[in-house]
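Peer 1: Counting in our numbering, the sequence shown runs from 1082 upward without gaps.
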Amino acid sequence: MAFNRFRNRQGRSNPFVTALFGIGLFLGSFVLLFINEGRVDISKVARGSIAVSANQEQVNHQGELLAVSGVLHADATISDPELLNTGEFLYLRRDVEMYAWDEERNSDSDNNASSTNRYEYNREWTDNPQDSNQFNRPNGHYNPPMRYQGEVFRVEHAEIGRFSVAPDQLLFMQQRDLPLSSNIILDGRIEEEYLFIGSGSLAQPDIGDLRIQFSTFENDQQVTVFGAQNENRLQPFTGPKDSLLYRVYPGDRDTAIEAMRTEFLTILWGFRAAGIGMMWLGLMTMVSPLTNLIGNVPIVGGLGRFAAAFVFLFVAIVLGSITIVISAILNSIVAMIVIFILLIGGFFYWRSRQE
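1. Quick one: give me the first and last residue of the alpha helix (DSSP H) that R1328 is part of.
2. Under three-state DSSP, which class holds L1176?
3. By the three-class DSSP mapping on this structure, what secondary structure does N1117 have?
4. Taking only three categories from DSSP, how would you classify G1109?
5. From this set, E1201, V1149, A1284 and S1130, which residue's C-alpha is nearest R1314's C-alpha?
6. Using 8 angstroms as the Cβ pair cut-off and three pairs as the minimum, do the region 1134-1153 and the region 1259-1268 touch?
7. Hey, would you say G1103 sits closer than 8 angstroms to G1358, going by beta carbons?
8. Going by the beta-carbon positions, is the gap between N1203 and R1186 smaller than 8 angstroms?
9. Rounding to the nearest angstrom, what Cα-Cα distance links P1210 and Q1256 in this structure?
10. What does the alpha-carbon distance come out to for the pair G1427 and V1121?
11. Would you list the residues sitting across from W1182 in a DSSP beta bridge?
12. From E1145, K1322 and I1116, pick the residue whose C-alpha is nearest to that of G1129; which is it?
13. Can you check whether the C-beta of E1169 is within less than 8 angstroms of a C-beta belonging to chain B?
14. Looking at C-beta atoms only, is the number of pairs between the region 1325-1339 and the region 1301-1317 that lie closer than 8 angstroms three or more?
15. Which whole-angstrom value describes the C-beta separation of G1289 and M1179, a residue pair presumed to lie in contact below a C-beta threshold of 8 angstroms?
16. For the structure I just gave you, are there three or more beta carbon pairs, one from the region 1108-1124 and one from the region 1265-1278, closer than 8 angstroms?
17. Does the ligand SAM have even one heavy atom less than 7 angstroms from the beta-carbon of D1208?
18. Is it right to say E1237 is buried, meaning 16 or more other beta carbons lie within 10 angstroms of its own, or is it exposed?
19. So, at 6 angstroms on beta carbons, what are the nonlocal neighbours of V1112 in its own chain, with the 5 sequence-adjacent residues on each side left out?
20. Does the structure place the region 1219-1228 close enough to the region 1153-1167 that three or more beta carbon pairs sit under 8 angstroms?
21. From L1147, R1174 and V1140, pick the residue whose C-alpha is nearest to that of I1159; which is it?
22. What do you reckon, are the CB atoms on E1184 and N1217 nearer than 8 angstroms?
23. Mind checking who E1272 pairs with in its DSSP beta bridge?
24. Can you grab the Cα-Cα spacing for the pair G1279 / H1154, in whole Å?
25. Please list, in chain order, all residues of the same chain as V1140 whose beta carbon is under 6 angstroms from its beta carbon, the five residues on each side excluded.
26. When DSSP builds the beta bridges, which residues end up paired with T1319?
27. So, is A1157 buried or exposed, given that buried needs 16 or more other C-beta atoms within 10 angstroms?
28. At what residues does the alpha helix (DSSP H) containing V1126 begin and finish?
29. Between L1251 and Y1327, how many whole angstroms is the CB-CB distance? I'm expecting something under 8 angstroms.
30. Can you check whether the CB of F1234 is closer than 8 angstroms to the CB of D1161?
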């Protein structure tokens, strides 16, 4: 668990530091939940956009948010100069993973008074290999440098109808996986959906082998671009709380807005779950010295730990739910005005009943 990290130089657990870490997690969960409830639903901003066809000759909505639908085109497209010999892309992302050694440190403790660090070494696919020179036992666990790194390529200029866009600022949403074929790759070989580079195989990789995937946004497809009009350019639109909307989606305006709404809800509920989980872990960490002591009691030890985990999970769910509701209200000006009016109205009603 997290509190196993906090040990002094003699390898002894420091209950005070452990409790402080737990308190930090517990308090941090409130901050996380509050910030999460204050995030702007960008789909609501997008619903206020002005629908425009890329073929429309006259558009005069300076500074306003437009949703321009049409064909997004670039005269000079891009590809991956190191790995692909062709490509008609506006955007290309290269994702690289290496088969590498991973060091994991575990601590065996005895009554939470002393510990011995155990180092385990496993081989796994990762996009960020550990520096094997920093391993506790580097011999036999060498990670070579990655031959290729993850990278993003964008065109310098693109247009949709009479509007130009800035691809270096534009968010390319709903990218597609690039189907690989032997006639477009410059290095490696194709194994399943990956470009594989190395001496092993995807089924039996060697340390240092690479597996690579590509995500693309193709040229000359029907899209909708959201941005603020600045003469004949589309640029980032600043919404509530300094939120920025400058995105391109395949398809029409309504489909794009629905995708934004789905994205917002997914992140919203993901952070809600993370906040409650963080609150539960903080509570468990704060009382870990006590639960470790209970765990050493014969017969009831395991049951006591399970009961404590269940109780604190229930507390975290209840407390987290209350925090979410209060945070949503405090982050909503409309809700605060309504509550203020209700309180004033309730006060005057109470005064009239007293007369």
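Beta carbons are placed, not taken as given, at the ideal position from N, Cα and C, and that holds for glycine.
Peer 2: Taking the structure as given:
1. Element bounds for R1328: not the alpha helix (DSSP H) but the beta strand (DSSP E), R1328 to P1331.
2. In the sequence on display, residue 1176 carries Asp and not Leu. In the structure shown, D1176 sits in a strand (DSSP, three-state: E or B).
3. helix
4. helix
5. V1149
6. no
7. no
8. no
9. 26 angstroms
10. 31 angstroms
11. R1204
12. E1145
13. This model lacks chain B altogether; it includes just one protein chain.
14. yes
15. 7 angstroms
16. no
17. What this structure holds is no ligand at all, so the ligand SAM is not there to describe.
18. exposed
19. none
20. no
21. R1174
22. yes
23. Y1275
24. 37 angstroms
25. V1133
26. L1325
27. exposed
28. I1123 to R1128
29. 6 angstroms
30. yes
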